[in-house]
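Residue numbers (the numbering used here): 10 to 195. Don't be surprised by glycine CBs; every beta carbon is placed ideally from N, CA and C.
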Ligand SMILES: [Cu+2]
């Protein structure tokens, strides 16, 4: 906790100082601002950025968002840097011999004119590589995204629960198949 506080000691820690309360009230979490802001840069619109919390010791984490190219020329998205990771990349996921594998999108992710691409779990994602600290639910991870034509933009990804299936989801286990994530007692 200490190391993170040092990193984001400025305005962010004040703005998101409700973290503890939100974590206690999972139901309110979704309603009370786990949804990220939208961003516009050039002809590019970014909607609903979010990230997943990571377990202690995880070396990487993932962020998601919806990107629309409202322009008339194709653009290419890369991730330049993140405050939480040594590197930041755009990854694609493919099935290979029944196994899901992910790899960086070479040369950036192309977004055609008029196209909307959704980065989401089990699909395209922003990968925070070599995390400096775990991604903590209720906090933010920031990344600088670069569009070849539209330019760069700093995006804040609100962090949802570990394994969350969607932004604002309280926990992957309750939103998905159950498994080991259930936090409620029976
Ligand atoms: Cu990845």
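Residue i, enclosing beta strand (DSSP E) - first and last residue
i: residue 155; result: 149–156
i: residue 71; result: 69–78
i: residue 174; result: From DSSP, residue 174 is part of no beta strand (DSSP E); its letter is neither H nor E.
i: residue 134; result: 134–140
i: residue 49; result: 48–50
i: residue 57; result: 53–61
i: residue 89; result: 84–91
i: residue 94; result: 94–105
i: residue 44; result: Note, residue 44: premise wrong, no beta strand (DSSP E); not H, not E.
i: residue 128; result: 125–128
Among the options, the one whose alpha carbon lies nearest that of residue i
i: residue 153; options: 116, 175, 86; result: 86
i: residue 145; options: 72, 130, 81, 129; result: 72
i: residue 69; options: 177, 77, 175, 171; result: 171
i: residue 66; options: 138, 176, 92, 175; result: 138
i: residue 89; options: 133, 124, 161, 134; result: 161
i: residue 141; options: 46, 57, 91, 80; result: 91
Residue i CB to nearest heavy atom of ligand 1 below 7 Å
i: residue 62; result: no
i: residue 104; result: no
i: residue 127; result: no
i: residue 142; result: no
i: residue 175; result: no
i: residue 71; result: yes
i: residue 136; result: yes
i: residue 111; result: yes
i: residue 100; result: yes
Exposure label - residue i; buried when at least 16 CB within 10 Å
i: residue 61; result: buried
i: residue 64; result: exposed
i: residue 165; result: buried
i: residue 127; result: exposed
i: residue 167; result: buried
Three or more C-beta pairs closer than 8 Å, one from the region 47–62 and one from the region 94–103: is that the case here? no
Is the region 45–54 touching the region 105–119 in the sense that three or more CB pairs, one from each, lie closer than 8 Å? no
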